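Here's the structure we're looking at; comments come further down.
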Amino acid sequence: MNNRSSVEIFTEWDIVAARQLGRNEAKNSGFGTVDQARITTAISELARNIYLYAGKGKIEIERLETDGMKGMTIIASDEGPGIPDLRRVMEDGFSTSGGLGAGMPGVKRLMDDFKVESEVGKGTTITATKWLR
Amino acid sequence: MNNRSSVEIFTEWDIVAARQLGRNEAKNSGFGTVDQARITTAISELARNIYLYAGKGKIEIERLETDGMKGMTIIASDEGPGIPDLRRVMEDGFSTSGGLGAGMPGVKRLMDDFKVESEVGKGTTITATKWLR
Amino acid sequence: MPQEVGKQYSALLQKYIQHEDETDLYAAQQVSRKFIEKKISPEEVISLHKTSVEEIFPELAVKIGPSYDFLIEVMIHYGLALMEHQSLIRKQEAMQIEMDVAVKVQDMLLETSIPKVEGLDIGLVSKPAKKMSGDYVYFIEQKDGEACVAVADVMGKGLPAALCMSMIKFGMDSLRSSATEPQHVLQVINQIVEKSMDDSMFISMFYGKFDKKTCEFTYGSAGHEPALLYRADEDRFIELDAKGLLLGIRKDVDFQQKSVEMSSGDFIVMLTDGVTEGRNAEGFIEEEVILDMLRTMKDRPAQQIVDHLYTELFKMQNYMLHDDFTLVLFKKE
Amino acid sequence: MPQEVGKQYSALLQKYIQHEDETDLYAAQQVSRKFIEKKISPEEVISLHKTSVEEIFPELAVKIGPSYDFLIEVMIHYGLALMEHQSLIRKQEAMQIEMDVAVKVQDMLLETSIPKVEGLDIGLVSKPAKKMSGDYVYFIEQKDGEACVAVADVMGKGLPAALCMSMIKFGMDSLRSSATEPQHVLQVINQIVEKSMDDSMFISMFYGKFDKKTCEFTYGSAGHEPALLYRADEDRFIELDAKGLLLGIRKDVDFQQKSVEMSSGDFIVMLTDGVTEGRNAEGFIEEEVILDMLRTMKDRPAQQIVDHLYTELFKMQNYMLHDDFTLVLFKKE
Ligand SMILES: [Mn+2]
Ligand SMILES: [Mn+2]
Ligand SMILES: [Mn+2]
Ligand SMILES: [Mn+2]
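Protein chains in written order, with the UniProt record's numbering: chain A, 1 to 133; chain B, 1 to 133; chain C, 1 to 333; chain D, 1 to 333.
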């Protein structure tokens with residue numbers, strides 16, 4: 001089963017649209033209220049990063065069902081400047097990171113699986129999955 | 001004005017009694033709900049420390065009114081073993097401290113002023129004050 | 001808590017209760033971030049929430065008020081954990097700064113410069129896996145055309161390792177030109193290390209010296225990775241290894257001393273296990289791969305060879321180093 | 001979240017709503033501690049609270065449900081901050097362990113032993129204000145009955161300071177017995193420091209040597225606190241100071257060299273500013289106080305004098321050191 005939907009991110013309103021899409025999909029997949037809110041927050045963070053640092057990009061949402069496991073994948077992609085120092089971006093606990101606990105490490109924590117691919121000058125693709133327990 | 005009341009700590013029930021006394025006094029002094037809860041929590045932590053580490057001791061509560069400032073002081077005293085390494089006890093962020101953020105540094109944060117006097121073999125006296133803003 | 005913030009929260013909540021619109025939840029999270037920045041504790045948020053709910057549903061205040069008081073009580077410990085976090089972050093940053101200064105000081109202190117000996121071309125790459133390296137390279141140039149090098153891997157990384165390295169450096173600096181034989185050097189440094197260090201601290205070290213007059217390379221090893229000698233005329237690689245315990249284990253150790261003569265085009269690669277034990281997704285990188293790279297580059301200057309090797313191996317490991325990575329190459333011109 | 005926990009919470013909340021009893025709030029806080037230990041995030045607590053309230057007041061569920069959803073949304077960022085905290089605490093502990101090892105290594109590396117020179121009694125106290133000291137004392141005993149000592153205060157503390165000290169130690173170790181004159185020693189070490197260190201890193205140092213044959217004490221200072229000479233026959237103190245810039249500022253510095261002859265019962269106290277700038281509740285501790293203590297103890301062995309001084313000054317400062325504290329005493333027997 002491959003069930004994809006997506007939202008292009010240009011303006012701050014698109015962040016809200018991506019959140020709405022994500023929350024609906026999460027609810028329909030059977031996630032509870034707290035997990036719905038977590039998935040939505042992760043989408044929100046990713047979309048906001050696109051909006052702030054790449055200017056434009058896309059949030060795709062895919063419902064998963066493999067080997068009896070159900071879940072949801074978020075793919076955030078942009079053709080922005082890319083991330084020069086991935087290690088730094090994934091590091092915890094810098095008061096400069098703008099909001100304690102937020103940012104990439106936050107998204108990683110909100111979801112179960114998390115992967116970043118980034119090339120400077122070419123863009124960034126982040127894939128994050130949450131499984132239904 | 002000197003308005004003191006106290007509770008002897010022998011059993012876990014006495015911790016509750018000390019909390020109750022503290023909460024009433026805090027309410028009567030004009031503290032809001034959140035500050036009432038904070039003062040009560042501080043008393044609870046101090047009383048629990050007495051109960052767990054000294055066996056017995058006393059929580060005294062004093063309402064303050066000086067220079068137009070109103071407040072409340074908690075005095076927790078025991079004749080227990082004393083604290084050999086004060087620096088260590090006041091240090092933040094040891095997962096061994098039993099409960100994140102709790103313990104002495106927690107009491108210090110919940111109140112405005114905080115002082116420990118401790119002598120090994122003689123006992124410990126902790127004085128903590130909160131001012132009404 | 002500033003009154004403004006309270007009003008904003010209350011208005012947002014009211015709007016959300018009316019329309020249940022995602023926009024308000026997005027706004028709420030932006031507000032909550034600001035709360036955290038302003039060190040508003042979770043119990044204060046609950047109290048604010050209570051007040052707002054009671055404003056919106058005044059008829060419910062008496063009924064549900066106590067449940068919020070209960071929740072405030074529960075949240076206090078969460079608030080404490082968070083405050084601890086804020087103080088810890090400041091502490092952590094201070095430690096980070098101290099570490100950064102230490103790295104800088106270490107770099108200056110342990111600085112070494114590549115000897116300029118006629119007929120010998122030297123290349124060096126040394127990259128730390130973390131901030132502070134546990135690999136150490138130190139060169140000494142003696143007046144009579146000798147180039148000596150120590151390549152060491154200190155067990156562990158970070159500060160304790162850095163302090164160990166300063167022992168090696170000052171140990172080597174104290175050598176007179178009459179005493180640069182591998183056996184002697186390894187013995188001297190072994191004794192310093194054994195005397196000064198904890199039993200749990202070991203160092204592996206390869207020491208070699210090239211003598212311009214004889215074109216001999218004399219070497220010894222304290223439990224270190226063997227070096228590789230490339231014989232240009234035979235187009236083959238020979239392992240250079242010598243018996244010797246790790247430094248710091250025992251006071252009196254015999255270190256074997258060997259030598260080889262270098263001909264034009266020959267080169268010797270000294271390295272640490274971070275080079276030979278590189279891993280990629282499929283497992284360890286085969287030694288054959290490294291030898292092939294060296295062979296391809298054999299006619300280039302020493303520095304180009306080691307730079308190329310590093311770049312290729314780093315790429316093969318997906319731009320991650322699992323261990324400190326050090327290569328020193330002596331090439332006979 | 002385990003179901004058990006949920007039931008316990010719900011039951012406690014119901015009991016509290018009925019009786020509003022302090023016992024239940026006490027229990028609630030114990031539960032909340034367990035929540036934090038079990039890494040239950042604040043948004044999960046709100047969700048649990050919502051479920052419990054809806055069980056207790058089923059008729060209100062529709063009306064107040066959305067307000068809780070809003071609160072859950074707000075709490076998510078608090079949850080993230082807390083999770084970050086938990087990971088940071090583990091990181092911090094690892095750093096702490098590394099620091100502890102570094103302190104141990106530093107201690108071993110910088111170890112010094114008090115010279116045994118006929119007719120000279122030496123006492124030493126050196127206490128760090130924090131974990132790692134920024135004060136450093138290093139003794140050297142030369143074969144012909146000379147006792148040399150360097151007393152240094154490195155700007156800053158911690159690791160960078162520790163690395164600086166190893167420079168002083170190895171610098172002094174490399175001196176030959178022919179070159180122990182203060183002027184020369186300070187120049188050599190100044191050059192090492194100037195060459196290796198950042199511009200922002202300075203060291204003050206007092207260097208002195210006692211010669212058994214002449215009973216002369218020769219000294220120099222690189223911007224360090226003056227030493228104190230007690231003249232037994234006159235029962236008075238004289239400051240021993242010599243001109244010289246801090247180490248590491250400029251490459252070429254002239255260090256003044258002076259000497260005094262010591263008679264029986266005379267003693268010289270070398271110290272760092274942590275001794276002279278001790279503070280108590282009333283302000284700085286007066287120099288006169290220190291001199292009086294020294295006078296009272298003048299007939300005791302050197303080690304007893306410095307131990308006594310440390311104990312008394314530590315007590316006067318309410319058992320807290322604001323700076324590293326170092327005392328070295330040379331007493332002519
Ligand atoms: Mn290593
Ligand atoms: Mn290694
Ligand atoms: Mn200092
Ligand atoms: Mn000082």
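Beta carbons are placed, not taken as given, at the ideal position from N, Cα and C, and that holds for glycine.
Keep in mind it's a predicted model, so treat the numbers as computed, not measured.
Spell out whether any CB of chain A is found under 9 Å from the CB atom of residue i.
i                 : result
Glu22 of chain C  : yes
Tyr26 of chain C  : yes
Gln317 of chain C : no
Ser47 of chain D  : yes
Thinking residue i and residue j are a contact (beta carbons under 8 Å), I'd like their distance in whole angstroms, please.
i                 : j                 : result
Asp153 of chain C : Asp173 of chain C : Not really, about 20 Å apart at Cβ, beyond 8 Å.
Asn3 of chain B   : Arg48 of chain B  : So it is not a contact: roughly 25 Å between Cβ atoms.
Tyr207 of chain C : Lys258 of chain C : That pair is no contact at about 12 Å.
Leu247 of chain C : Leu240 of chain C : Contact flag wrong, Cβ pair sits at about 19 Å.
Glu146 of chain C : Phe217 of chain C : Not a contact, Cβ separation roughly 11 Å.
Glu43 of chain D  : Met75 of chain D  : 4 Å
Thr33 of chain A  : Ile64 of chain D  : Not a contact, Cβ separation roughly 14 Å.
Val306 of chain C : Leu124 of chain C : 7 Å
Phe255 of chain C : Gln142 of chain C : With a Cβ gap of about 20 Å, Phe255 of chain C and Gln142 of chain C do not count as contacting.
Thr180 of chain C : Cys148 of chain C : 5 Å
Asp78 of chain B  : Thr124 of chain B : 6 Å
Could one say the Cβ of residue i lies closer than 9 Å to chain B's Cβ atoms, at least one of them?
i                 : result
Arg231 of chain D : no
Arg33 of chain D  : yes
Asp69 of chain C  : yes
Ser113 of chain C : no
Glu4 of chain C   : no
Gln303 of chain D : no
Taking only heavy atoms of ligand 3 into account, decide whether any of them is closer than 8 Å to the Cβ of residue i.
i                 : result
Gly55 of chain A  : no
Asp324 of chain D : yes
At least one CB of chain D closer than 9 Å to the CB of residue i: is that the case?
i                 : result
Ala76 of chain A  : no
Leu110 of chain A : yes
Leu228 of chain C : no
Leu246 of chain C : no
Taking 8 Å as the cut-off, is the beta-carbon of residue i closer than that to any non-hydrogen atom of ligand 6?
i                 : result
Gly134 of chain C : Looking at this structure, you won't find ligand 6 anywhere; what it does contain is ligand 1, ligand 2, ligand 3 and ligand 4.
Kindly say whether residue i, judged by its beta-carbon, lies nearer than 9 Å to any beta-carbon of chain C.
i                 : result
Pro128 of chain D : no
Val34 of chain A  : no
Val16 of chain A  : yes
Gly22 of chain B  : no
Check whether the Cβ of residue i sits closer than 8 Å to any heavy atom of ligand 4, and report yes or no.
i                 : result
Met278 of chain D : The displayed chain sequence assigns Gly, not Met, to residue 278 of chain D. Result no, Cβ not under 8 Å from ligand 4.
Would you check whether ligand 2 has a heavy atom nearer than 8 Å to the C-beta of residue i?
i                 : result
Thr272 of chain C : yes
Asp69 of chain D  : no
Asp121 of chain D : no
Decide if residue i is buried, meaning its Cβ has at least 16 other Cβ atoms within 10 Å, or exposed.
i                 : result
Ala26 of chain B  : buried
Lys50 of chain D  : buried
Asp100 of chain C : exposed
Gly98 of chain B  : Its pLDDT being 46, under 50, Gly98 of chain B is placed unreliably in this model, and the coordinates cannot settle the point.
Ser221 of chain D : buried
Ile97 of chain C  : exposed
Met1 of chain B   : Residue placement at Met1 of chain B cannot be trusted, given a pLDDT of 46 that sits under 50; what the coordinates show is reported in the next sentence. So Met1 of chain B counts as exposed.
Phe10 of chain B  : exposed
Anything in chain B within Cβ reach of residue i, meaning under 8 Å, just list it in chain order.
i                : result
Ser10 of chain C : Result: empty, since nearest Cβ-Cβ is about 16 Å, beyond 8 Å.
In chain C, which residues lie less than 9 Å from residue i when you measure between Cβ atoms?
i                 : result
Ala128 of chain B : Neighbours of Ala128 of chain B on chain C: none; closest Cβ ~14 Å, over 9 Å.
Ala47 of chain B  : Within chain C, no residue comes near Ala47 of chain B; the closest Cβ sits about 15 Å away, beyond 9 Å.
Ile249 of chain D : Residues of chain C passing the Cβ test: none, with the nearest at roughly 16 Å.
Using a C-beta to C-beta distance shorter than 8 Å, which residues of chain D count as neighbours of residue i?
i                      : result
Glu84 of chain C       : His85
residue 134 of chain A : This structure cannot speak to residue 134 of chain A, because chain A is shown only from 1 to 133.
Ala102 of chain B      : Arg33
Taking 8 Å as the cut-off, is the beta-carbon of residue i closer than that to any non-hydrogen atom of ligand 1?
i                 : result
Ala161 of chain C : yes
Met155 of chain C : yes
List, in order along the chain, the chain C residues whose C-beta lies closer than 7 Å to that of residue i?
i                : result
Ala81 of chain D : Ile36, Leu82, His85
Tyr16 of chain D : Pro66, Phe70
What residues from chain A crowd round residue i, counting only those whose CB sits closer than 9 Å?
i                : result
Glu93 of chain D : Within 9 Å Cβ-Cβ: nothing; Glu93 of chain D doesn't reach chain A, min ~13 Å.
Identify the contact partners of residue i in chain A, using a Cβ-Cβ distance below 7 Å as the criterion.
i                : result
Gln29 of chain C : Thr41, Ser44
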